[in-house]
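Take a look at the structure below.
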Amino acid sequence: MPECFVAKASEMQDGDRRIVIAGANEIGVFYKDGTYFAYSNNCVHSGGPACEGIMINRVVDLIADDHTYQGQTFSDEVHFVCPWHGYEFALKTGECVGDRRLKLKKFNVVRRGDDVFVIA
Numbered sequence: 002m003p004e005c006f007v008a009k010a011s012e013m014q015d016g017d018r019r020i021v022i023a024g025a026n027e028i029g030v031f032y033k034d035g036t037y038f039a040y041s042n043n044c045v046h047s048g049g050p051a052c053e054g055i056m057i058n059r060v061v062d063l064i065a066d067d068h069t070y071q072g073q074t075f076s077d078e079v080h081f082v083c084p085w086h087g088y089e090f091a092l093k094t095g096e097c098v099g100d101r102r103l104k105l106k107k108f109n110v111v112r113r114g115d116d117v118f119v120i121a
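Numbered per our numbering, the sequence shown finishes at 121, counting up by one with no gaps.
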């Protein structure tokens, strides 16, 4: 499988992403907490640029033992949001959080020295 240069590792800070073209694939490559993640930049909903929207920690409802709503907080699970219609995807898996059966195509990322490549 062909490799596509993404960036120098030193150029990507925590929370950064790059969009690269590898043949017929447009791929979003994310760097978060020391790990690279790469997914198709084609949203499963309507073909929008899935990897180009905001990144946000998952919102969690706080429910007391008596089942009353106590507010919201953020978890450690990071999502990215397609800017066209708001479909959210889990950064670690590429799964659509609204319907876990839907998933973006995942690509492998390799680092060789200071160079980062995606395998397309």
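From the three backbone atoms N, C-alpha and C, an ideal C-beta is built for every residue, glycine too.
- Judged by DSSP secondary structure, Arg-112 falls within the beta strand (DSSP E) whose first and last residues are 107-113.
- Annotation for Gln-73: the continuous beta strand (DSSP E) segment containing it runs 70-82.
- Inter-residue distance for Ile-20 and Cys-52 is about 8 Å (C-alpha atoms, whole angstroms).
- Ala-65 has its alpha-carbon roughly 49 Å from the corresponding atom of Cys-5.
- With contact defined as three or more Cβ pairs closer than 8 Å, the stretch 78-88 and the stretch 108-121 are not in contact.
- Ile-22 sits away from Phe-108, with the two beta carbons spaced by 8 Å or more.
- About 11 Å separates the beta carbon of Tyr-32 from that of Met-56, a gap too long to meet the 8 Å contact definition.
- Asn-42 sits buried, since 16 or more C-beta atoms from the chains shown fall within 10 Å of its C-beta.
- In the three-state DSSP reduction, Ala-39 falls in the strand class (E or B).
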